[in-house]
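Residue numbers (the working numbering): 1454 to 2155.
We put the CB at the ideal spot given by N, CA and C, even for glycine.
The next block holds one structure in the form of structure tokens; read it before the comments.
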Ligand SMILES: [Zn+2]
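Here it is in structure tokens:
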């Protein structure tokens, strides 16, 4: 996923729980074949080479208990489900946000368990929106078959398939959120984002990669769409897709819209496209001149499609710069799905051959104001390699109802967050200076705003998606949130600069990325890994005790964040009284004024004067302020952000406390904050006469 507000991470000693070498789970794209090899003999640092053995199921390597929750639910097996499920989804009810589903599921007489997906890839958590499922009615040969819900596993529905029946007709609706309070809005009058996991029930007892599905989509009239799915046929608004595995289907969402534009970012000349190694992976065939990478945009209005040539050039360069880092691509084609909307809910979600992204309508037309958000496409594109082709062993589950293990998300997300900045800068989506401003903010946020590292190391934060689904936290800085993103990024900057230092600046993290995530074009994977595999691959780039290096950082309680990467990069973190462009734009994006590095709190501009976050142990905390407290007045005058900024100056020069009138529930009180250090905002400053590695890191390679 894309990053949230702030982040950190840790690592636990989980090595060996899922096997210490590269292996695969049998979860490759069904229509395009099964997963790559799973032999412990394959050096993980090189990926699955052409000599790798044929796919072998990996039943012992999967996660979870012998039975999934609910004793009567069969455990997934690596064997094909007989027949193909027909799945027809009608997304034309734009007023009521109701998606109508009709499935025809081949079935033999006897007991059958149907599962609604619970554990969602990319979410790393049991977030399947089962509260939206309604109207479930099952028929066999025209006669109603009653279902009962499993008493332990509420995502499982038990049915008895009657004698003489070879398929079930399953109908239900998915009631997509009508308001943001219910969940992320994915249906608007102009845009529908269809995630297939919300509209499918599937038979328990099989790997998702071994269940074949024939998807069909009914669109509103005149609409177009983008998706990684291949179209079999189309009759006006009815689209039939080629058969895929359930695994690939759930990994291939659709963005459909009234206003749609598809832009080729990487055209592949006919006959020169992706070729697969015959034994190691999936034969994707040779390109027929179809584009390899597309940017598919849906928008509230066509005004968002006003794209300048230099903006387009940066997006095209992003593809080439990403290839330069990884050296190979593990897809036949890739669709960046981008919604530019005020109404469509925020998302940044990775898939193997596509990604779901949402930005504001001004992504192109207000280019200079949307800086921080321009790293979303580099982030999600990177995940095709880091997260989808190569996947932490604990995340490679056989179906969507087996629990995941998140311990290596500091690689999956931390490295991705690091590379998103690198790639944004190399492609020209960001300037090098803007990337440094992003790193300054990340470093300061983890260094200054995370007293919680005293009790919780960064590895433990990888469980945060399961602990809470990004709901607001009362004391984020103490409880810690998904800190494995930003603190993971700092650790990977540390690794990158360490490789450069150790190798006399002849090698870099790019060499690791090419070795670990590269390999042969067209190998789909997923190829799993452990921390030991990571350390071994780093060691093959530069000899060093990487396991110790990483483990120390993952289990550190501070004080402070791992900032060695900045210093080794030739820069240091400093605070000044002027915010960077990056921070100014971040304030606009969050609709909040940032005082966290000075007074220790942020104030909403949307709910005027309402405090959104208070730093544990900071000046605001000492004054008894909390999230939800509303600032009514500053030094006797009505609250405005600029008046609080001015009060910081006065307190600094006159050495008098800032006086606030605040309101909590129906209680008013006056608080005094004895803080005299003035405004503080993080930025990076060059360390004279040191090697400027950060500038090397952000230099384009193509
Ligand atoms: Zn991500």
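Is residue i near ligand 1 - that is, is its Cβ less than 7 Å away from at least one heavy atom of it?
i	result
residue 1620	no
residue 1869	yes
residue 1836	yes
residue 1396	The shown model of the chain, from 1454 to 2155, leaves out residue 1396, and the question about it has no answer.
residue 1455	yes
residue 1809	no
residue 2141	no
residue 2095	no
residue 1803	yes
residue 1932	no
residue 1635	no
residue 2174	No answer is possible for residue 2174: the residues shown for the chain start at 1454 and end at 2155.
Could you name the residues that DSSP lists as bridge partners for residue i?
i	result
residue 1601	1611
residue 1881	According to DSSP, residue 1881 bridges with nothing at all.
residue 1566	1611
residue 1579	1572
residue 1714	1750
residue 1592	1597 and 1622
residue 1693	1669 and 1686
residue 2124	2113
Give me, in chain order, the residues of the same chain whose beta-carbon lies closer than 6 Å to that of residue i; leave out the 5 immediate sequence neighbours on both sides.
i	result
residue 1551	1626 and 1628
residue 1788	1679, 1681, 1747, 1749 and 1807
residue 1633	none
residue 1609	1523, 1526, 1566, 1568 and 1603
residue 2006	1944 and 2015
residue 1624	1555 and 1590
residue 1716	1748
residue 1918	1577 and 1578
residue 1848	1857
residue 1947	2015, 2017 and 2018
residue 2076	2124 and 2126
Within a Cβ cutoff of 7 Å, which residues of the same chain sit near residue i, ignoring the five residues on either side of it in sequence?
i	result
residue 1922	1578 and 1580
residue 1875	2150 and 2151
residue 1648	1706
residue 1926	1932 and 1934
residue 1620	1557, 1558, 1559 and 1560
I need the straight-line Cα distance from residue i to residue j, nearest angstrom please.
i	j	result
residue 2044	residue 2064	12 Å
residue 1898	residue 1920	21 Å
residue 2058	residue 2046	7 Å
residue 1772	residue 2102	46 Å
residue 2009	residue 1952	21 Å
residue 1905	residue 2014	11 Å
residue 2017	residue 1536	56 Å
residue 1892	residue 2152	16 Å
residue 2024	residue 2133	18 Å
residue 1563	residue 1800	41 Å
residue 1582	residue 2028	43 Å
residue 1870	residue 2098	31 Å
residue 2069	residue 1873	30 Å
residue 1940	residue 1862	11 Å
residue 1937	residue 1760	34 Å
residue 1812	residue 1593	45 Å
residue 1901	residue 1653	45 Å
residue 1529	residue 1708	30 Å
residue 1834	residue 1879	14 Å
residue 1770	residue 1779	14 Å
residue 1698	residue 1826	33 Å
residue 1986	residue 1574	22 Å
residue 1460	residue 1960	For residue 1460, the predicted structure reports a pLDDT of 30, less than 50, and the residue's modelled location is therefore unreliable. A value from the coordinates is still provided. Their backbone Cα atoms lie some 28 Å apart in a straight line.
Hey, would you say the C-beta of residue i is under 7 Å away from at least one heavy atom of ligand 3?
i	result
residue 1935	Ligand 3 is absent from the structure shown, which contains only ligand 1.
If we cut at 8 Å on Cβ distances, does residue i have a partner in chain D?
i	result
residue 1708	Given the protein chain composition of this structure (a single chain), no chain D is represented.
Excluding the five sequence neighbours on either side, which residues of its own chain have a C-beta within less than 8 Å of the C-beta of residue i, listed in chain order?
i	result
residue 1814	1752, 1753, 1754, 1756, 1757, 1793, 1794 and 1795
residue 1765	1716
residue 1596	1615
* For the stretch 1941–1989, which segments carrying the alpha helix (DSSP H) assignment without a break, of at least 4 residues, lie completely within its bounds, in sequence order? -> Fully enclosed alpha helix (DSSP H) runs of 4 or longer: 1962–1970.
* Return the chain-ordered ranges of every beta strand (DSSP E) run that is complete within the stretch 1745–1792 and spans a minimum of 3 residues. => Runs of the beta strand (DSSP E) inside the stretch 1745–1792: 1746–1752.
* Considering only residues of the stretch 1617–1678, which uninterrupted beta strand (DSSP E) runs meet the minimum length of 3 residues and lie entirely inside it, listed in chain order? -> Correct list: 1620–1628, 1644–1647 and 1665–1671.
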